[in-house]
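Participant: Quick note, the sequences are listed as chains A and B, same order. Counting in my numbering, the first sequence runs from 1 upward without gaps. Counting in my numbering, the second sequence runs from 1001 upward without gaps. Yeah, the Cβ is synthetic: ideal placement off N, Cα and C, and Gly gets one too. Sharing a structure below in structure tokens format, with a few things to ask.
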Amino acid sequence: MIAAAEPTTTWYLLLSALLFVIGMVGVMIRRNPLVMFMCIELMLNAVNLSFVSLAPRVANIDGQTAVFFVMVVAAAEVVVGLGIIVSIMRGRTHATVDDVAELKG
Amino acid sequence: MLAETLTGPEIPWLDLGWALTLLAGTSILLIVGAIVPRWRHGLYATFTVLTTVVSFVFLVVLWGRVTDDGMASAISKSIVFDHFAVLSLVAVLVSVFLTALVTDGFLRREEYDGPEMYALYLTAALGASVMIVANDLIVLFLGLETLSLSLYLLAASHRRKTESQEAGLKYFVLGGFASAFFLYGIALIYGVSGTTNLLEINGTLRGSIDVNTNDALLLIGIGLLIVGFAFKVSAVPFQVWTPDVYQGAPSPVTGFMASAGKVAAFAALVRVLIVALPSRIDDWQPVIWVLAVLTLVGGSVMAVVQTNVKRMLAFSSISHAGFILVGVEASAHANRTDAVSSVVVYLFLYSVLVIGSFAVVTAVSGRGDGATSLDDLRGLARRRPVLALALTVFLIAQAGVPATSGFIAKFGVITASVDAESYALAIIAMLAAVIAAYLYLRIMVSAWLSESSDESAVEIPRGLGLAVALCVVFTIAVGVYPGWLLTLADKATTLLGA
């Protein structure tokens, strides 16, 4: 019998860090604004995982309640973000951020 | 019964009157604005201005209460009222007041007059105020997002201009990116200290100073938090978004971003560093030092090659952020006396200067808000001598010439830095001021010495003219008689719990 390894807080923290990095790399290398936006949401939810997994460790529920606030913020961000993306991409067939480059200097 | 045992925190409604006024103002603008389709000309702006005035009255009352009863925390210690907070709040209200005046003529010229932008100014101000009074990292995050989301929309609000849309998109993506870092920092600090309350974080960290087990997590947390802040205040190397967003956003909005956004982010940064993390000064103080140097030098040097006035002012705002960081760095030293108050004075004076500058740019930019290159400014002295004179006052004040408010601001932070025996930084700051002067000189030369290619008249709407006049009077009045402001600021030297 192989003893199943008991997952500890550290596992969850590492997973959350991994998800955060995936989101971060996604924002940096992807060129579709929608995908970049999804990557930002991934980063926020990675942090949520950190919050919930840290809460039992420090023995209070502040971390769990923080998640609700973050979810509300993420939802508000969706509304604003999609509004901006839709208004800028209307009339453009191929939506990449490289096409939107009038400001430079 | 569960319901009987649950008692909510006590809420000091009167002390929160300023915030409730902003909230009420937003709601009325949006609801009544939707029901009654077209308000009379200038009524939206007038209403916004009145809202800020009422809010200001509440703040005066609050200032008196803080003076009489001392600093206090409220709503389960999630927010605090101290002189530093009230003075920063006044700076935010002044920004909204002046920006609303500037926006009125702008919106009518661009033909999209409506309540939306004013409502967004008020929600942005509400978010900024929450950041300023926040004594809890989650509350701070909520304020930051309220401010940021409003600013993203404001940046993208010029519907017929693709530059504005692009600015909104860039600001949104990079802002959301930075918010995620900021939030991760909060999570890690929570994991180490077991709380998100600034005062309690300090209590826990102070107690565990010898225990090294958690330090890696904590240091990463502090680092991520500072990255988030550095983005919001556009410190080098996190400034890449600033020139693009400042150039693309509608001109009055740019002034607002540079003022209210910076006030809130810096006030929150100071509070987090000084109240929650004083036991880790040795860890974050060098980081702030490096950021300050990079921002001072980077902002001034990169501005030299620019040819668009809005971009130049964006780099100037980066260099100003460097000066404010000098004040923040000084507050890390043990013998800080008035470093914290020098920061809030700088923020206050800079807010007025930057809104004044962008008001002039708004007037010059003309229909379509596009004429913002140095060439478009040529011959302004001939076309509109008074406007050119006002622009000159704002620019020499930003350069830090004596007898203007900019001098008082720069003098304050550099004195604080010298008092804190941070001599190297003080010297770098003074050198950066000299380099930055070249940038302001270039704009002035363009306005005064070059011949104009087009002789079209520059229109100055009434509200915009009033705002510019108020800014000029304030700039010179504070430069000549700084005493009253410094007396007020003297009270803001300590934060609750620091």
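(1) Tell me whether MET1001 (chain B) sits in a helix, a strand or coil according to DSSP, three-state version.
(2) Check distances from the C-beta atoms of the segment 62-79 of chain A to those of chain B and list, in chain order, the residues that come in under 7 angstroms.
(3) Could you please give the first and the last residue of the uninterrupted alpha helix (DSSP H) stretch that includes SER1076 (chain B)?
(4) Tell me the DSSP secondary structure of LEU1495 (chain B) in three-state form.
(5) Output, in sequence order along the chain, the residues in the segment 1130-1158 of chain B whose CB is closer than 8 angstroms to any CB in chain A.
(6) Would you call ILE1396 (chain B) buried or exposed, if buried means 16 or more other Cβ atoms sit within 10 Å of its Cβ?
(7) Any beta carbon of chain B sitting closer than 8 angstroms to that of GLY26 (chain A)?
(8) Tell me, please, whether the segment 1028-1042 of chain B touches the segment 1116-1124 of chain B by the rule of three or more beta-carbon pairs shorter than 8 angstroms.
(9) Give the DSSP-derived three-state secondary structure of ASN1135 (chain B) in the structure shown.
(10) Specify the secondary structure class of ASN1197 (chain B) as computed by DSSP and reduced to three states.
(11) I'd like the list of long-range same chain contacts for MET1001 (chain B), defined as Cβ closer than 7 angstroms, with 5 residues on each side in sequence excluded.
(12) Please report how far the alpha carbon of ILE1408 (chain B) lies from the alpha carbon of VAL1305 (chain B), in whole angstroms.
(13) DSSP three-state label for ASN45 (chain A), please.
(14) From B:ALA1390, B:LEU1425, B:VAL1434 and B:ARG1383, pick the residue whose C-alpha is nearest to that of GLY1400 (chain B); which is it?
(15) Helix, strand or coil for ASN1308 (chain B)? Go by DSSP, reduced to three states.
(16) With a cut-off of 8 angstroms, do at least 3 Cβ pairs link the segment 1255-1271 of chain B to the segment 1341-1349 of chain B?
(17) For GLY23 (chain A) and ALA4 (chain A), what's the separation of their Cα atoms in angstroms?
(18) Name the DSSP beta bridge partners of SER1373 (chain B), please?
(19) Strictly under 8 angstroms for the Cβ-Cβ distance: is PRO33 (chain A) near chain B by that measure?
(20) If we ignore side chains and look at the alpha-carbon of each, how far apart do MET43 (chain A) and THR1005 (chain B) end up?
(21) Cutting at 7 angstroms between CB atoms, please list the residues of its own chain near GLY63 (chain A), excluding the five before and the five after it.
(22) From which residue to which residue does the alpha helix (DSSP H) around GLU1110 (chain B) run?
(23) Using only alpha-carbon positions, find the residue among B:VAL1192, B:THR1162, B:VAL1061 and B:PHE1172 that is nearest to HIS1083 (chain B).
(24) By a C-beta neighbour count over all protein chains shown, 10 Å radius and 16 as the cutoff for buried, is ASP1369 (chain B) buried or exposed?
(25) Cα-Cα, which of A:ASN48, A:LEU19, A:ASN60 and A:ILE84 is closest to ALA74 (chain A)?
(26) Taking the alpha helix (DSSP H) that LEU1470 (chain B) falls in, what are its first and last residues?
(27) Check for me: the alpha helix (DSSP H) holding TRP1289 (chain B) runs from which residue to which?
(28) On the three-state DSSP scale, how would you describe GLN64 (chain A)?
(29) State the Cα-Cα distance for the pair GLU1451 (chain B) and SER1157 (chain B), rounded to the nearest angstrom.
(30) Relative to the C-alpha of THR1242 (chain B), which residue among B:LEU1151, B:ILE1281 and B:LEU1277 is closest?
(31) Can you tell me which of the three DSSP states THR1404 (chain B) falls into?
(32) Check the Cβ of LEU44 (chain A) against every Cβ in chain B and list those closer than 7 angstroms, keeping chain order.
(33) Any beta carbon of chain A sitting closer than 8 angstroms to that of MET1001 (chain B)?
(34) What would DSSP say about ASN1202 (chain B), mapped onto helix, strand or coil?
(35) Roughly how many whole angstroms lie between the Cα atoms of VAL1096 (chain B) and TRP11 (chain A)?
(36) Considering just the uninterrupted stretch of the alpha helix (DSSP H) at ARG1382 (chain B), what are its terminal residues?
Facilitator: In short:
(1) In this predicted model, MET1001 (chain B) has a pLDDT of only 49, less than 50, meaning its place in the structure is not dependable enough to derive any value.
(2) ASP62, GLY63, ALA66, PHE69, VAL70, VAL73, ALA76 and GLU77
(3) SER1076 (chain B) -> no alpha helix (DSSP H), and no H or E assigned at all.
(4) coil
(5) For the segment 1130-1158 of chain B, which is checked against every Cβ of chain A, the residues closer than 8 angstroms are ILE1138, PHE1141, LEU1142, GLU1145, LEU1149, TYR1152, LEU1153 and ALA1156.
(6) buried
(7) no
(8) yes
(9) In this structure, ASN1135 (chain B) counts as coil in the three-state DSSP scheme.
(10) strand
(11) Model confidence at MET1001 (chain B) stands at a pLDDT of 49, short of 50, so the residue's coordinates are unreliable; what they give is reported in the following sentence. Within the same chain, MET1001 (chain B) has no close Cβ partners at all.
(12) C-alpha separation (whole angstroms): 28 angstroms.
(13) helix
(14) B:VAL1434
(15) In the structure shown, ASN1308 (chain B) adopts extended strand secondary structure according to DSSP, grouped into three states.
(16) yes
(17) Their backbone Cα atoms lie some 30 angstroms apart in a straight line.
(18) B:ASN1308
(19) yes
(20) 38 angstroms
(21) PHE51, VAL52, LEU54 and ALA55
(22) 1083-1110
(23) Ranking B:VAL1192, B:THR1162, B:VAL1061 and B:PHE1172 by Cα distance to HIS1083 (chain B) puts B:VAL1061 first.
(24) buried
(25) When each option's Cα is compared against that of ALA74 (chain A), the closest is A:ASN48.
(26) Unbroken alpha helix (DSSP H) run through LEU1470 (chain B): 1462-1480.
(27) In the DSSP assignment, TRP1289 (chain B) falls within the unbroken alpha helix (DSSP H) covering 1281-1303.
(28) helix
(29) 34 angstroms
(30) B:LEU1151
(31) coil
(32) ALA1180 and LEU1183
(33) Caution is warranted here: a pLDDT of 49 is assigned to MET1001 (chain B), below 50, making its placement in the model unreliable, and no coordinate value can be reported.
(34) Note: ASN1202 (chain B) maps to helix in three-state DSSP.
(35) VAL1096 (chain B) and TRP11 (chain A) have their C-alpha atoms some 47 angstroms from each other.
(36) Looking at the DSSP string, the run of the alpha helix (DSSP H) that includes ARG1382 (chain B) is 1380-1383.
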